[in-house]
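As structure tokens, the structure follows; a few thoughts come after it.
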Amino acid sequence: MPSSAPPAPAHRDPFTAQGLHVMVKPIGPICNLDCEYCYYLHKEELYLGNKSWKMSPPTLREYIQQYYDAQPAGVQEVTFAWQGGEPTLLGLEFFRHVVELQQELRPPHVRVVNALQTNGVLLNTDWAQFFREQQFLIGLSIDGPAELHDRYRYDKQGRPTFPAVHRALKQ
Numbered sequence: 000m001p002s003s004a005p006p007a008p009a010h011r012d013p014f015t016a017q018g019l020h021v022m023v024k025p026i027g028p029i030c031n032l033d034c035e036y037c038y039y040l041h042k043e044e045l046y047l048g049n050k051s052w053k054m055s056p057p058t059l060r061e062y063i064q065q066y067y068d069a070q071p072a073g074v075q076e077v078t079f080a081w082q083g084g085e086p087t088l089l090g091l092e093f094f095r096h097v098v099e100l101q102q103e104l105r106p107p108h109v110r111v112v113n114a115l116q117t118n119g120v121l122l123n124t125d126w127a128q129f130f131r132e133q134q135f136l137i138g139l140s141i142d143g144p145a146e147l148h149d150r151y152r153y154d155k156q157g158r159p160t161f162p163a164v165h166r167a168l169k170q
């Protein structure tokens, strides 16, 4: 008796069909918050003597080129995931440069996607406009209503951060 189930899809190797995914921390562990539960807070202490965590322009260029080069042949979309610490501490000009380099070095017929995880404290209309124009996928860290969020997520001076994060959410 013939089966009514659709035919099984051809086997696709998940490592080559969808490409390689890497998350980059271009500011290392540096953050503008002092969240009580953060597993990353004291990472800077592991690298004594490091004065600057900011990814340099030559390193950024090399990272983008190597990331493209590491993708399997035929990949149509490459996702760059930016995290920290807090990546917006690098400033908007850093990410404008990111987009310029991505376009300059991008292989033909490859779509570029950017995803960025942020605490939102530094976001303003300029950031929001840039993210919209460049179609960044944004993850905004928020721990619920103000009373819950501010219980654990405060700045380096111990001040609550919910108002700034809520303002970013409205952007």
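Note that the sequence shown covers residues 0 to 170 in numbering that gives the first Met the number 0. Quick reminder that beta carbons are idealized off the backbone N, C-alpha and C, glycines included. Remember, predicted model here, so these are calculated numbers, not experimental data.
query: Three-way DSSP call (helix, strand, coil) for L136 in this model; result: strand
query: Own chain residues within Cβ distance below 6 angstroms of S2, not counting five before or after; result: The predicted position of S2 is uncertain, since its pLDDT is 46 and thus under 50; a value taken from the coordinates is nonetheless stated next. Excluding positions up to five away in sequence, the list is empty.
query: Beta strand (DSSP E) segment containing T78, residue limits; result: E76 to W81
query: Cβ shell of C34 (< 7 angstroms), same chain only, five flanking positions each side left out; result: Y151 and R152
query: Bridge-paired residues (DSSP) for V23; result: W81
query: Burial state of Y66 (16 or more Cβ within 10 Å); result: buried
query: Proximity below 8 angstroms, CB of V164 to CB of I141; result: yes
query: Nearest candidate by alpha-carbon position, reference D149, set W81, I29 and Y36; result: Y36
query: Between the CA atoms of E61 and A127 - distance to the nearest angstrom; result: 27 angstroms
query: Where the beta strand (DSSP E) containing T117 begins and where it ends; result: R110 to T117
query: Cβ pair V89, I26 closer than 8 angstroms; result: The residue you asked about is not Val; residue 89 is Leu in the sequence shown. Their beta carbons are under 8 angstroms apart, which means L89 touches I26 by this criterion.
query: Presumed contact (8 angstroms Cβ cut-off) between L136 and Q70, rounded CB distance; result: About 19 angstroms separates the two Cβ atoms, so there is no contact after all.
query: Top-ranked residue by Cα proximity to Q133, from L147, Q75, A145 and E99; result: E99
query: Three-state secondary structure assigned by DSSP to P86; result: helix
query: Minimum Cβ-Cβ distance from E99 to chain D less than 8 angstroms; result: Absent from the structure is chain D; it holds one protein chain and no more.
query: Simplified DSSP assignment, three categories, for Y66; result: helix
query: Identified DSSP bridge partners for P154; result: One detail in the question is off: residue 154 reads as Asp in this sequence, not Pro. D154 is bridged to L32.
query: Beta-carbon spacing of N118, E146 below 8 angstroms; result: no
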